[in-house]
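In our numbering, the protein residues as written are 40 to 452.
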């Protein structure tokens with residue numbers, strides 16, 4: 040997860056400078072080569088290193104895809120694009136464990152990497168090389184009307200990529216409104232990661248009759264929760280934005296549908312994006328508080344039969360709400376940095392993955408020490424102490440965004 044957090048920062052700056060198609064191709068080639076090498080690995084240190092290389096290649100597509108969306112979508116439809124993109128990406132979260140469990144139990148772990156190399160590696164980078172349009176030259180432009188010519192001369196100078204430029208968005212962590220968005224999104228993602236990473240151990244301990252592929256099936260509610268949360272959030276974000284846009288146009292007498300009112304100083308963009316955040320946050324707290332006890336109650340009812348419905352149903356709710364929170368954060372960050380969307384998304388990814396890695400490293404020792412119910416009560420308590428961040432962003436986010444945009448367009452990244 041550490042590599043998964045750092046790599047998009049490098050590739051995000053690279054794609055903002057040299058274009059999306061070329062960066063997509065580079066990242067997918069790295070991913071393909073890593074899968075091929077993993078299929079032949081024979082030692083744990085080699086497996087660990089190559090898994091990091093694989094994560095670097097695959098995670099980079101998160102920031103690049105956000106850059107593509109910012110290139111082609113205006114704010115009124117950006118939420119739907121971001122939600123659909125995350126939903127497609129999260130489909131692997133839903134079906135991957137099932138396929139992995141079947142392959143591992145039948146042909147061994149190497150078969151997983153052969154499948155990834157044959158399907159998701161070579162085919163995708165060849166497709167991106169031949170079919171994927173170069174989106175760099177459309178960066179920062181609004182979508183054109185139907186039939187309007189979008190061609191323009193290629194830029195003569197694209198600059199260069201350095202570590203300083205790649206990690207320059209880190210400076211915006213100290214902007215209070217950006218820090219709040221990053222913090223709450225990272226905390227929600229960490230809670231979900233702790234649930235996911237402890238699932239196998241918790242199920243094997245509470246439901247000893249489950250085999251490998253059945254354990255894989257138990258990840259389906261989590262994965263489908265991620266997919267549903269992504270798609271629903273995208274639709275709701277667009278609906279909320281269009282409602283705020285219609286009210287703003289009516290109040291200010293703006294009849295030109297082509298005018299982008301989201302860039303006007305008085306437009307409530309932050310509140311339009313965050314309108315549903317409190318509901319998702321409360322739902323996440325509620326489902327997370329019940330998750331640990333759902334396993335403890337199974338222990339009390341051992342004389343009858345353990346019941347998978349409660350923990351798996353709660354996993355669906357946790358995945359749904361955590362993904363919704365993260366998608367709202369991601370969309371608002373792209374709104375704040377329309378000229379560097381890949382770098383902004385990489386910054387978000389860096390914060391959530393580093394904090395998520397820390398959470399994953401401590402959850403199993405916590406469960407071993409205080410049992411699963413108390414462990415997730417502690418996690419719920421941490422989230423509860425962070426929930427005022429949502430109110431702070433709702434209250435002062437608009438003024439913070441206006442000052443941030445002024446600074447951004449004055450000096451850039």
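For glycine and all other residues, C-beta sits at the position ideal for the given N, C-alpha and C.
Is the beta carbon of residue 153 less than 8 Å from the beta carbon of residue 78?
The residue labelled residue 153 in the question sits at position 114 within the chain shown. The residue labelled residue 78 in the question sits at position 39 within the chain shown. When the beta-carbon positions are compared, residue 153 and residue 78 come within less than 8 Å of each other.
Residue 384 to residue 346, Cα distance in whole Å?
Counting from one through the chain shown, the residue named residue 384 turns up at place 345. Counting from one through the chain shown, the residue named residue 346 turns up at place 307. Their backbone Cα atoms lie some 39 Å apart in a straight line.
Using CA coordinates, which residue listed in 49, 133, 120, 107 is at the minimum distance from residue 98?
As a first step, residue 98 is located in the chain shown; it is residue number 59 there, counting from the start. Ranking the options by Cα distance to residue 98, first place goes to 49.
Check whether residue 332 and residue 412 have beta carbons under 8 Å apart
Counting from 1 along the chain shown, the entry for residue 332 is found at position 293. Counting from 1 along the chain shown, the entry for residue 412 is found at position 373. It is a contact, given that the beta carbons lie within the stated cut-off.
Using CA atoms only, rank isn't needed, just tell me which of 74, 239, 156 is closest to residue 140.
Along the chain shown, one-based indexing puts residue 140 at 101. The alpha carbon of residue 140 has as its nearest neighbour, out of 74, 239, 156, the alpha carbon of 239.
Please classify residue 157 as buried or exposed, where buried requires at least 16 neighbouring CB atoms within 10 angstroms.
By 1-based counting over the chain shown, the position of residue 157 is 118. Exposed: under 16 other Cβ atoms inside 10 Å.
Under 8 Å between C-beta atoms of residue 329 and residue 308
Residue 329 sits at position 290 when you count from the first residue of the chain shown. Residue 308 sits at position 269 when you count from the first residue of the chain shown. No, Cβ-Cβ distance for residue 329 and residue 308 is not below 8 Å.
Helix or strand or just coil, what does DSSP make of residue 315?
One-based indexing of the chain shown puts residue 315 at position 276. Of the three classes helix, strand and coil, the one that applies to residue 315 here is coil, per DSSP.
Go ahead and pull the three-state DSSP assignment for residue 134.
In the chain shown, residue 134 corresponds to position 95, counting from 1. Looking at residue 134 - three-state DSSP - the assignment turns out to be helix.
In angstroms with no decimal places, state the Cα-to-Cα distance between residue 282 and residue 262.
For the purposes of this step, residue 282 is identified with residue 243 of the chain shown, where counting begins at 1. For the purposes of this step, residue 262 is identified with residue 223 of the chain shown, where counting begins at 1. So the two alpha carbons sit approximately 30 Å from each other.
Please list, in chain order, all residues of the same chain as residue 255 whose beta carbon is under 8 Å from its beta carbon, the five residues on each side excluded.
For this step, residue 255 is matched to residue 216 along the chain shown. Correct list, in chain order: 136, 137, 138, 139, 140, 141.
So which of 272, 86, 277 has the shortest CA-CA distance to residue 149?
Taking the first residue of the chain shown as position 1, residue 149 is located at position 110. When only C-alpha atoms are compared, the closest one is 86.
Distance CB(residue 62)-CB(residue 103) smaller than 8 Å
Here the question's residue 62 lines up with position 23 in the chain shown. Here the question's residue 103 lines up with position 64 in the chain shown. Their beta carbons are under 8 Å apart, which means residue 62 touches residue 103 by this criterion.
Quick one: residues in its chain with C-beta nearer than 7 Å to the C-beta of residue 75, no 5 flanking neighbours on either side, listed in chain order?
Taking the chain shown and counting its residues from 1, the one referred to as residue 75 is at position 36. Excluding residues within five positions, the ones whose Cβ falls inside 7 Å are 156.
Just how far apart, CA to CA, sit residue 114 and residue 145?
Within the chain shown, the letter at position 75 stands for residue 114. Within the chain shown, the letter at position 106 stands for residue 145. Distance between the alpha carbons of residue 114 and residue 145: 47 Å.
My output table needs one value for residue 379: the three-state DSSP class, helix, strand or coil.
In the chain shown, the residue the question calls residue 379 occupies position 340. Of the three classes helix, strand and coil, the one that applies to residue 379 here is coil, per DSSP.
Within 10 Å of its beta-carbon, does residue 274 have 16 or more other beta-carbons around it, so buried, or fewer, so exposed?
The residue given as residue 274 occupies position 235 in the chain shown. Residue 274 comes out exposed.
Residue burial classification, residue 221 (beta-carbon count within 10 angstroms, cutoff 16):
Here residue 221 refers to the residue found at position 182 when the chain shown is read from its first residue. Buried: at least 16 other Cβ atoms inside 10 Å.
How long is the line joining the alpha carbons of residue 117 and residue 431, rounded to whole angstroms?
Position 78 of the chain shown, counted from the first residue, corresponds to residue 117. Position 392 of the chain shown, counted from the first residue, corresponds to residue 431. Spanning the two alpha carbons is a distance of roughly 24 Å.
For residue 276 versus residue 364, is the C-beta distance shorter than 8 Å?
In the chain shown, counting from the first residue as 1, residue 276 sits at position 237. In the chain shown, counting from the first residue as 1, residue 364 sits at position 325. Taking 8 Å as the Cβ cut-off, residue 276 and residue 364 do not qualify as a contacting pair.
In its own chain, which residues sit with a C-beta less than 7 Å from the C-beta of residue 428, not counting the 5 before and 5 after it?
Here the question's residue 428 lines up with position 389 in the chain shown. Taken in chain order, the residues that qualify are 219, 222, 223.
Beta-carbon proximity list for residue 259, same chain, < 7 Å, skipping 5 on both sides
Locating residue 259 in the chain shown gives position 220, counting from the first residue. Taken in chain order, the residues that qualify are 133, 137.
Using C-beta distances below 8 Å, list every residue in its chain close to residue 369, excluding the 5 sequence neighbours before and after it, in chain order.
By one-based count along the chain shown, residue 369 stands at place 330. So the qualifying residues of the chain are 105, 121, 125, 224, 384, 387.
Taking a contact to mean a Cβ-Cβ separation below 8 Å, would you say residue 242 touches residue 257 in this structure?
Within the chain shown, residue 242 is the residue found at index 203, counting from 1. Within the chain shown, residue 257 is the residue found at index 218, counting from 1. Contact: yes.
Using a 10 Å radius around the Cβ and a threshold of 16 neighbouring Cβ atoms, would you call residue 60 buried or exposed?
Within the chain shown, numbered from 1, the residue matching residue 60 stands at position 21. The residue is buried, with at least 16 neighbouring Cβ atoms inside 10 Å.
Quick check on the DSSP output: the alpha helix (DSSP H) that includes residue 248 runs from which residue to which?
Position 209 of the chain shown, counted from the start, is the residue given in the question as residue 248. For residue 248, there is no enclosing alpha helix (DSSP H), as DSSP marks it with neither H nor E.
How close, in whole Å, do the beta carbons of residue 15 and residue 44 come, if the pair is a contact with beta carbons under 8 Å?
Outside the modelled stretch of the chain, which goes from 40 to 452, sits residue 15, for which no answer is possible.
Between the Cα of residue 230 and the Cα atoms of 306, 304, 361, which residue gives the shortest distance?
One-based indexing of the chain shown puts residue 230 at position 191. Closest option to residue 230, Cα to Cα, is 361.
Would you call the CB atoms of residue 373 and residue 46 closer than 8 Å?
Locating residue 373 in the chain shown gives position 334, where the first residue counts as 1. Locating residue 46 in the chain shown gives position 7, where the first residue counts as 1. Contact flag unset, no.
Using three-state DSSP, classify residue 57 as helix, strand or coil.
The count along the chain shown starts at 1 and reaches residue 57 at position 18. Looking at residue 57 - three-state DSSP - the assignment turns out to be helix.
Which residues mark the beginning and the end of the alpha helix (DSSP H) in which residue 453 is found?
Residue 453 lies beyond the residue range present for the chain, which begins at 40 and ends at 452; the question has no answer from this structure.
Does the Cβ of residue 355 have 16 or more other Cβ atoms within 10 Å, making it buried, or fewer, making it exposed?
Along the chain shown, read from residue 1 onward, the residue named residue 355 stands at position 316. Residue 355 comes out buried.
Exposed or buried, which one is residue 284 when buried takes at least 16 other CB atoms within 10 Å?
Counting from 1 along the chain shown, the entry for residue 284 is found at position 245. Buried.
Neighbourhood of residue 213 by C-beta, 8 Å cutoff - its chain only, sequence neighbours within 5 removed
Within the chain shown, residue 213 is the residue found at index 174, counting from 1. If we look at residue 213 and ignore the five residues flanking it on each side, it has no Cβ neighbours.
Among 435, 111, 418, which residue has its Cα nearest to the Cα of residue 377?
Here the question's residue 377 lines up with position 338 in the chain shown. Out of 435, 111, 418, 111 has the C-alpha closest to the C-alpha of residue 377.
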